[in-house]
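Peer 1: After the structure tokens below, expect a handful of questions from me.
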Amino acid sequence: MSERDPLVAGNWKMNGDAGSLDLLLDGVLSELSVLALRRCSVLVFPPYVYLGQVAQKLRGSIVGVGSQDVDQRTQGAVTGGVSAAMVKDAGCGFVLVGHSERRTLFAESDELVSDKFEQCGSQGLVPIVCVGETLEERRRDRTIEVVTRQLRAVTSRVGLAGFDGAMIAYEPVWAIGTGESATPEQAEEVHAGLRKCLAELDEDLSNRTRILYGGSVTADNAVALFGMKNVDGALVGGASLKANSFAEICKAAEES
Ligand code: 13P
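The letter at position 77 of the sequence shown is residue 79 when you use the working numbering, and the numbering goes up by one with no holes.
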């Protein structure tokens with residue numbers, strides 16, 4: 003569907019160093035040049051300290067750069083904090099907010115995630131809000147309730163205009179780094195639920211907002227996942243750390 007061209011994003015998390023990430027990028031750029039992508043957009047999310055290096059290397063390429071997180075405050079006495087203006091200055095156009103690792107390891111609440119989302123918008127950065135249920139919540143049949151609560155926390159804060167252009171990543175917590183991806187049908191059901199939730203705000207916005215799937219995406223399961231109507235791409239962790247598997251996933255998205 004040309005209204006929602008696919009997008010594949012690599013979340014490098016807390017991996018690599020200056021040398022290895024440089025090599026990884028060389029590999030990704032060389033693999034992608036062979037693919038000559040026309041529809042699929044590609045992003046990478048390096049650790050903070052490598053944002054400038056990666057952005058500089060990718061300038062003029064087809065690969066965009068994003069930050070894995072951002073502080074909710076604008077500036078000032080926040081030791082260790084990194085602002086939206088700073089990541090933009092380093093060359094980022096995108097920011098992940100509310101990744102489940104942030105929600106769990108750093109106790110980020112729906113409210114804080116909304117604060118961060120709002121900060122991104124105020125700097126002209128494109129936020130990708132991550133939502134997802136735990137295994138316990140899925141077992142209790144609360145998946146849709148949980149992900150729509152996480153999404154509504156943001157949409158009710160920023161409204162229609164503030165959400166326009168943003169993206170959603172559905173990442174079931176139980177599928178992250180476990181090798182156990184959601185099935186295409188499970189992903190589709192949740193993506194459709196999220197789209198319905200957005201449609202309550204605005205039908206057009208809902209139709210044009212990209213919803214990525216994340217959680218053990220590999221070159222092997224990507225084709226089936228991207229075959230689903232409401233799966234518009236992927237947020238890839240482990241498989242984004244190898245140039246060939248990441249490029250295979252981009253190829254699957256391009257051909258979806
Ligand atoms: P994995 O692809 O390693 O499961 O990680 C998914 C993820 O958390 C991407 O943000």
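Even for Gly, the Cβ is constructed at its ideal location relative to N, Cα and C.
On a Cα-Cα basis, can you pick out the residue from V72, G18, L107 that is closest to Y52?
Peer 2: As a first step, residue 52 must be located in the sequence shown, where it is residue number 50. Of the residues V72, G18, L107, the one whose Cα lies closest to the Cα of Y52 is G18.
Peer 1: Just checking V219 against the ligand 13P - is the residue's beta carbon closer than 7 Å to any of the ligand's heavy atoms?
Peer 2: Walking along the sequence shown from the start, residue 219 turns up at place 217. Checking every heavy atom of the ligand 13P against the Cβ of V219, one is found closer than 7 Å.
Peer 1: Which residues does DSSP list as the beta-bridge partners of V10?
Peer 2: The residue labelled residue 10 in the question sits at position 8 within the sequence shown. BP columns for V10 point to V44, A236.
Peer 1: Assign K118 to buried or exposed, taking buried as 16 or more other Cβ atoms, counted over all protein chains shown, within 10 Å of its Cβ.
Peer 2: Translated into positions along the sequence shown, residue 118 becomes position 116. Buried.
Peer 1: Helix, strand or coil for M3? Go by DSSP, reduced to three states.
Peer 2: By one-based count along the sequence shown, residue 3 stands at place 1. At M3 the pLDDT is 42, less than 50, meaning the model places this residue with poor confidence; the figure from the coordinates comes in the next sentence. Coil, per DSSP.
Peer 1: To the nearest angstrom, how far is it from the Cα of D43 to the Cα of I170?
Peer 2: In the sequence shown, the residue the question calls residue 43 occupies position 41. In the sequence shown, the residue the question calls residue 170 occupies position 168. According to the sequence as given, residue 43 is Ser; it is not Asp. Going from the Cα of S43 to the Cα of I170 covers about 15 Å.
Peer 1: Please return the same chain residues whose Cβ sits closer than 6 Å to the Cβ of V156, not counting the five positions on each side in sequence.
Peer 2: Looking up residue 156 in the sequence shown gives position 154. S116, F119, V131, listed in sequence order.
Peer 1: Looking at the ligand 13P, does it come within less than 7 Å of H101, judged from the CB to the closest heavy atom?
Peer 2: Along the sequence shown, one-based indexing puts residue 101 at 99. True, at least one ligand heavy atom lies under 7 Å from that Cβ.
Peer 1: Looking at C-alpha atoms only, which residue of R197, A224, L203, V10 is the closest neighbour of S183?
Peer 2: One-based indexing of the sequence shown puts residue 183 at position 181. Nearest C-alpha to S183: A224.
Peer 1: Which residues does DSSP pair with F96 in a beta bridge?
Peer 2: Sequence index remark: in the sequence shown, residue 96 carries index 94 (1-based). In the DSSP output, where bridge partners are listed per residue, F96 has G68, V128.
Peer 1: Less than 7 Å between the CB of E139 and some heavy atom of the ligand 13P, yes or no?
Peer 2: If you number the sequence shown from 1, residue 139 lands on position 137. Of the heavy atoms belonging to the ligand 13P, none sits nearer than 7 Å to the Cβ of E139.
Peer 1: Distance, Cα to Cα, G82 vs D73?
Peer 2: As a working mapping, residue 82 is identified with position 80 in the sequence shown. As a working mapping, residue 73 is identified with position 71 in the sequence shown. Roughly 9 Å between the two C-alpha positions.
Peer 1: Can you find the residues in the same chain that come closer than 8 Å, C-beta to C-beta, to G181, ignoring five residues on each side of it along the sequence?
Peer 2: As a first step, residue 181 must be located in the sequence shown, where it is residue number 179. Cβ within range, chain order: S218.
Peer 1: For the ligand 13P, any of its heavy atoms closer than 7 Å to the Cβ of F200?
Peer 2: Stepping through the sequence shown from its first residue, residue 200 is reached at position 198. The displayed chain sequence assigns Leu, not Phe, to residue 200. No - the ligand 13P has no heavy atom lying nearer than 7 Å to the Cβ of L200.
Peer 1: Output needed for C199: all residues of its chain with C-beta closer than 6 Å, excluding positions within five of it in sequence on either side, in chain order.
Peer 2: In the sequence shown, counting from the first residue as 1, residue 199 sits at position 197. Cβ within range, chain order: T150, L153.
Peer 1: Expressed to the nearest angstrom, what Euclidean distance is found between the alpha-carbon atoms of T136 and P186?
Peer 2: The residue given as residue 136 occupies position 134 in the sequence shown. The residue given as residue 186 occupies position 184 in the sequence shown. Going from the Cα of T136 to the Cα of P186 covers about 18 Å.
Peer 1: If you reduce the DSSP assignment to three classes, tell me which class G18 lands in.
Peer 2: Against the sequence shown, residue 18 aligns to sequence position 16. In this structure, G18 counts as coil in the three-state DSSP scheme.
Peer 1: Identify whether M88 lies in helix, strand or coil by the three-state DSSP scheme.
Peer 2: Position 86 of the sequence shown, counted from the first residue, corresponds to residue 88. Of the three classes helix, strand and coil, the one that applies to M88 here is helix, per DSSP.
Peer 1: Jot down the residue ranges of each uninterrupted beta strand (DSSP E) in the stretch 157 to 215, minimum 3 residues, whole runs only, in chain order.
Peer 2: 169 to 172
Peer 1: Taking buried to mean at least 16 other C-beta atoms within 10 Å of its own C-beta, is D234 buried or exposed?
Peer 2: For the purposes of this step, residue 234 is identified with residue 232 of the sequence shown, where counting begins at 1. Looking at its Cβ environment, which holds 16 or more other Cβ atoms inside 10 Å, D234 is buried.
Peer 1: Is E80 buried or exposed, if buried means 16 or more other CB atoms sit within 10 Å of its CB?
Peer 2: As a working mapping, residue 80 is identified with position 78 in the sequence shown. It should be pointed out that residue 80 corresponds to Val in this sequence rather than to Glu. Exposed.
Peer 1: Counting only C-beta atoms, is Q74 closer than 8 Å to chain B at any point?
Peer 2: Absent from the structure: chain B. Only one protein chain is present.
Peer 1: Hey, V320 and V56 are a contact pair by Cβ (cut 8 Å); roughly how many whole angstroms apart?
Peer 2: Outside the displayed range of the chain (3 to 258) lies residue 320, so it cannot be described from this structure.
Peer 1: Below 6 Å CB to CB, which residues in the same chain sit around Q77 once its five sequence neighbours on both sides are set aside?
Peer 2: Residue numbering aside, residue 77 sits at position 75 when the sequence shown is read from its first letter. Correct list, in chain order: S85.
Peer 1: Starting from V133, follow its DSSP beta bridges and name the residues at the other end.
Peer 2: Position 131 of the sequence shown holds residue 133. Paired residue(s): Y172.
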